[in-house]
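Colleague: Protein chains in written order, with my numbering: chain A, 164 to 574; chain B, 1022 to 1183.
Right, I'll just put the structure down here and ask away after.
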């Protein structure tokens, strides 16, 4: 409930008691005094406080990110550690705390007149209790006017203290902004080279295992391709043999039921055989390709009299390839965790590199904006303070005029 | 530094020559004090480790050590620059802390003065109303008595506040 509403409610509630003309004058004087004085201007500090809070969080966050990425770059045997970082940044941390405290003190200062007023109002409410129900109609406005005037005095005082504080702080704020910006610039360089070093350290740490893992993967791929070719060969041979057997079968019905793809051509034995020969040739071609790329089989073929790989050597080689594939897969499973770890680290470091660069850039901008906001705040406070003083003196004149009226009544 | 054709390197000797050239460039970069050149040197050393085959492991160790040295040197330079600003920073912190303390002190003072002045003004206003009540044809005796009690309470509270 604002002052105007308060007076109006009191007037409605206690109208019968206020019928006396002198009491009405008192009430009217208090009413106008209350109306006028509540208009004094105070600067709203909260947007600046919110901006300060955001800036401090941005700078602090970017410093934490830089520390994190530096942690990945330093090695236990190196002559550089994270404590060096903490030590160099300790003053910056203190600066951020000081900035936060300063911002809080400005907010508290602008709220001090409200708290003082609240205290006076609370006291007034207690005094009203002493007056009792009947006197509440008078006690209420009296206390309200008292606290309203008091409130405005406090506002002017607070505005004046605010102007003084912000003006005095502008120098330190400019210096802090300059140094914080320079520090952020150095931190950007540090974060960049730390990220590169961390990535290089990660590469080196996992280098041999990752290379081996990748070779295992390649080997697995190669073996799979050879065994797939072998499988293709065996399937083609089987199909060719099947056709050969069926083509020779005397009953057409058997041919038709066994070879659905030959339906309608059951009696075309020549056609079936042609298909069989094609399949067999295809199988030979696949085997030739397989032997060509396999050194063991190539050697066996070269050493054979008929230019073919002996069946036993071929069978042994296939078993050998299958065993090698199983071994390769066991090794892959063994190194899989390490490779995943390497991949995770690589992604994390890449992400940290990008995010720290962005965070530092953003924090540099926020420091500049904050310093500019502070300079603008100083101007706004000075403007509001002048305005507040003009309004306050007008209010005081109106209050005196109202009480002057009372003075004439009392004479 | 002349651009390295990594694809044209085959033997260990080829890689050794390239590393030698990179190290010469690195030494110059460290001695002439240009930040960008040092960072370029580190990038080349890191690339060397990545591009070289396993057979060049011993060269990798040299390259890696050189890259780490550059990193540590750059990190120290950055942190030294930050630490060197500490005195100026601390002076600004002290300046700001003084303003904060002054603002906090003003706030406490305003709250106290605000309360006391509030009481005084309530008291003065009550006096005016009391006089008005007394000037009426039929003043309310009970109300006047309550005013007296109220005044006593305010005086007591003001003393308590002090």
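Cβ atoms here follow ideal geometry from the backbone N, Cα and C, with glycine treated the same way.
Treat the numbers as computed from the prediction; the structure is a model and nothing was measured.
For residue 347 of chain A, count the other beta carbons within 10 Å of its own beta carbon; 16 or more makes it buried, fewer makes it exposed. Which is it?
Modeller: Translated into positions along the first chain, residue 347 of chain A becomes position 184. So residue 347 of chain A ends up on the buried side.
Colleague: Let's see if you can read the secondary structure: which residues bound the alpha helix (DSSP H) around residue 411 of chain A?
Modeller: Mapped onto the first chain, residue 411 of chain A falls at position 248. That residue, residue 411 of chain A, is in no alpha helix (DSSP H); it is neither H nor E in DSSP.
Colleague: Taking the alpha carbon of residue 1036 of chain B as the point to measure from, which residue in B:1048, B:1070, B:1098 and B:1168 has its own alpha carbon closest?
Modeller: Stepping through the second chain from its first residue, residue 1036 of chain B is reached at position 15. The shortest Cα separation from residue 1036 of chain B among B:1048, B:1070, B:1098 and B:1168 belongs to B:1070.
Colleague: Tell me which residues share the same chain as residue 1168 of chain B and place their Cβ nearer than 8 Å to its Cβ, disregarding the 5 neighbours each side in the sequence.
Modeller: On the second chain, residue 1168 of chain B is found 147 positions in, with the first residue counted as 1. Taken in chain order, the residues that qualify are 1147, 1150, 1151 and 1154.
Colleague: Taking a contact to mean a Cβ-Cβ separation below 8 Å, would you say residue 252 of chain A touches residue 328 of chain A in this structure?
Modeller: In the first chain, residue 252 of chain A corresponds to position 89, counting from 1. In the first chain, residue 328 of chain A corresponds to position 165, counting from 1. No.
Colleague: Here's a check: name, in chain order, each residue in its chain whose Cβ is nearer than 7 Å to the Cβ of residue 208 of chain A, leaving out the five neighbours to either side.
Modeller: The count along the first chain starts at 1 and reaches residue 208 of chain A at position 45. For residue 208 of chain A, where only same-chain residues beyond five positions count, the Cβ hits under 7 Å are 269, 270 and 273.
Colleague: Could you please give the first and the last residue of the uninterrupted alpha helix (DSSP H) stretch that includes residue 439 of chain A?
Modeller: Numbered from its first residue, the first chain carries residue 439 of chain A at position 276. Taken as a continuous stretch (DSSP letters only), the alpha helix (DSSP H) holding residue 439 of chain A covers 432-456.
Colleague: Less than 6 Å between C-beta atoms, sequence neighbours within five positions excluded: which residues of the same chain meet that for residue 480 of chain A?
Modeller: Here the question's residue 480 of chain A lines up with position 317 in the first chain. Only 459 and 460 meet the Cβ criterion.
Colleague: So that I know if they touch, is there some Cβ in chain B lying closer than 8 Å to that of residue 386 of chain A?
Modeller: Position 223 of the first chain, counted from the first residue, corresponds to residue 386 of chain A. Closer than 8 Å: no.
Colleague: Measuring straight from C-alpha to C-alpha, what distance separates residue 972 of chain B and residue 366 of chain A?
Modeller: Shown here, chain B extends from 1022 to 1183; a query on residue 972 of chain B therefore has no answer.
Colleague: How many Å lie between residue 220 of chain A and residue 509 of chain A at the Cα?
Modeller: One-based indexing of the first chain puts residue 220 of chain A at position 57. One-based indexing of the first chain puts residue 509 of chain A at position 346. For residue 220 of chain A and residue 509 of chain A, the distance between alpha carbons rounds to 27 Å.
Colleague: What does a CB cutoff of less than 6 Å around residue 225 of chain A pick up in its chain, not counting 5 residues either side in sequence?
Modeller: Mapped onto the first chain, residue 225 of chain A falls at position 62. Closer than 6 Å at Cβ, skipping near neighbours: 522, 523 and 526.
Colleague: Could you tell me whether the Cβ atoms of residue 453 of chain A and residue 492 of chain A are closer together than 8 Å?
Modeller: Taking the first chain and counting its residues from 1, one reaches residue 453 of chain A at position 290. Taking the first chain and counting its residues from 1, one reaches residue 492 of chain A at position 329. For residue 453 of chain A and residue 492 of chain A, no; Cβs fall outside 8 Å.
Colleague: Start and end of the alpha helix (DSSP H) containing residue 1046 of chain B?
Modeller: The residue given as residue 1046 of chain B occupies position 25 in the second chain. Start and end: 1033-1053.
Colleague: Please classify residue 539 of chain A as buried or exposed, where buried requires at least 16 neighbouring CB atoms within 10 angstroms.
Modeller: The residue you call residue 539 of chain A lines up with position 376 of the first chain. Its Cβ having fewer than 16 others within 10 Å, residue 539 of chain A is exposed.
Colleague: Can you pull the chain A neighbours of residue 1116 of chain B, defined as C-beta to C-beta under 7 Å?
Modeller: Locating residue 1116 of chain B in the second chain gives position 95, counting from the first residue. Ordered by position in chain A, the residues that pass the 7 Å Cβ test against residue 1116 of chain B are 334 and 335.
Colleague: List the residues of chain A that residue 1067 of chain B touches, going by C-beta distances under 7 Å, in chain order.
Modeller: What you label residue 1067 of chain B is simply residue 46 of the second chain in a count that begins at 1. Simply 359 and 363.
Colleague: Using the three-state DSSP reduction, which class does residue 473 of chain A fall into: helix, strand or coil?
Modeller: Position 310 of the first chain, counting from 1, holds the residue named residue 473 of chain A. If DSSP states are grouped into helix, strand and coil, residue 473 of chain A belongs with coil.
Colleague: Check distances from the C-beta atoms of the segment 1122-1133 of chain B to those of chain A and list, in chain order, the residues that come in under 7 Å.
Modeller: Under the 7 Å Cβ criterion, the segment 1122-1133 of chain B contributes 1123, 1124, 1125, 1127, 1128, 1131 and 1132.
Colleague: At the 8 Å Cβ level, is residue 1110 of chain B part of the contact set with chain A, yes or no?
Modeller: To locate residue 1110 of chain B, count along the second chain from 1; it is residue 89. Closer than 8 Å: yes.
Colleague: Tell me which residue opens and which closes the alpha helix (DSSP H) that residue 1026 of chain B is part of.
Modeller: Against the second chain, residue 1026 of chain B aligns to sequence position 5. No alpha helix (DSSP H) contains residue 1026 of chain B, which DSSP labels as neither H nor E.
Colleague: List the residues of chain B that residue 367 of chain A touches, going by C-beta distances under 7 Å, in chain order.
Modeller: Within the first chain, numbered from 1, the residue matching residue 367 of chain A stands at position 204. Those within 7 Å of residue 367 of chain A in chain B are 1070 and 1085.
Colleague: Taking 8 Å as the threshold, find out whether the segment 352-367 of chain A comes into contact with the segment 1041-1053 of chain B through three or more Cβ pairs.
Modeller: Not touching, per the Cβ criterion.
Colleague: For residue 1063 of chain B, which residues in chain A fall below 9 Å Cβ to Cβ?
Modeller: Taking the second chain and counting its residues from 1, the one referred to as residue 1063 of chain B is at position 42. Chain A residues near residue 1063 of chain B: 356, 359, 360 and 363.
Colleague: Is residue 1120 of chain B close to chain A? Criterion is C-beta to C-beta, closer than 8 Å.
Modeller: As a position in the second chain, residue 1120 of chain B is number 99, starting the count at 1. At least one chain A Cβ lies under 8 Å of residue 1120 of chain B.
Colleague: Against chain B, which members of the segment 233-251 of chain A pass a CB distance test of less than 9 Å?
Modeller: So the close ones are 233, 236, 237, 238, 241, 242, 243, 247, 248, 250 and 251.
Colleague: Kindly list the residues whose CB is nearer than 6 Å to the CB of residue 443 of chain A, restricted to its own chain and excluding five residues on each side of it in sequence; keep chain order.
Modeller: For the purposes of this step, residue 443 of chain A is taken as the residue at position 280 of the first chain. So the qualifying residues of the chain are 403.
Colleague: What's the C-alpha gap between residue 1076 of chain B and residue 1034 of chain B?
Modeller: Your numbering for residue 1076 of chain B matches position 55 in the second chain. Your numbering for residue 1034 of chain B matches position 13 in the second chain. Approximately 11 Å, taken between the alpha carbons.
Colleague: Quick check: what's the CA-CA separation for residue 1030 of chain B versus residue 1067 of chain B?
Modeller: Start at 1 with the first residue of the second chain, and residue 1030 of chain B comes out as number 9. Start at 1 with the first residue of the second chain, and residue 1067 of chain B comes out as number 46. Each residue's alpha carbon lies about 16 Å from the other.
Colleague: Whole angstroms is fine: what's the gap from residue 533 of chain A's alpha carbon to residue 242 of chain A's?
Modeller: Within the first chain, numbered from 1, the residue matching residue 533 of chain A stands at position 370. Within the first chain, numbered from 1, the residue matching residue 242 of chain A stands at position 79. Cα to Cα, residue 533 of chain A sits roughly 37 Å from residue 242 of chain A.
Colleague: Within its chain, find whatever has a CB closer than 7 Å to the CB of residue 449 of chain A; leave out the 5 residues flanking it on each side and keep chain order.
Modeller: Indexing the first chain from 1 puts residue 449 of chain A at position 286. The residues are 392, 395, 396 and 399.
Colleague: With a cut-off of 8 Å, does the C-beta of residue 321 of chain A fall near any C-beta of chain B?
Modeller: Here residue 321 of chain A corresponds to residue number 158 of the first chain, with the count starting at 1. True, the Cβ-Cβ gap to chain B drops below 8 Å.
Colleague: Taking Cβ positions only, does residue 224 of chain A come closer than 8 Å to chain B?
Modeller: For the purposes of this step, residue 224 of chain A is taken as the residue at position 61 of the first chain. Taking Cβ atoms only, chain B never reaches closer than 8 Å to residue 224 of chain A, which makes this a no.
Colleague: Would you mind giving the Cβ-Cβ distance between residue 515 of chain A and residue 231 of chain A, rounded to the nearest angstrom? I have them listed as a contact below 8 Å.
Modeller: Locating residue 515 of chain A in the first chain gives position 352, counting from the first residue. Locating residue 231 of chain A in the first chain gives position 68, counting from the first residue. The pair is a contact, with the Cβ atoms about 7 Å apart (cut-off 8 Å).
Colleague: Please decide whether residue 1089 of chain B counts as near chain A, where near means a Cβ-Cβ distance under 8 Å.
Modeller: Position 68 of the second chain, counting from 1, holds the residue named residue 1089 of chain B. So yes, residue 1089 of chain B belongs to the interface.
Colleague: Between residue 965 of chain B and residue 1129 of chain B, is the Cβ-Cβ spacing less than 8 Å?
Modeller: Because chain B spans 1022 through 1183 in this model, residue 965 of chain B falls outside it and cannot be assessed.
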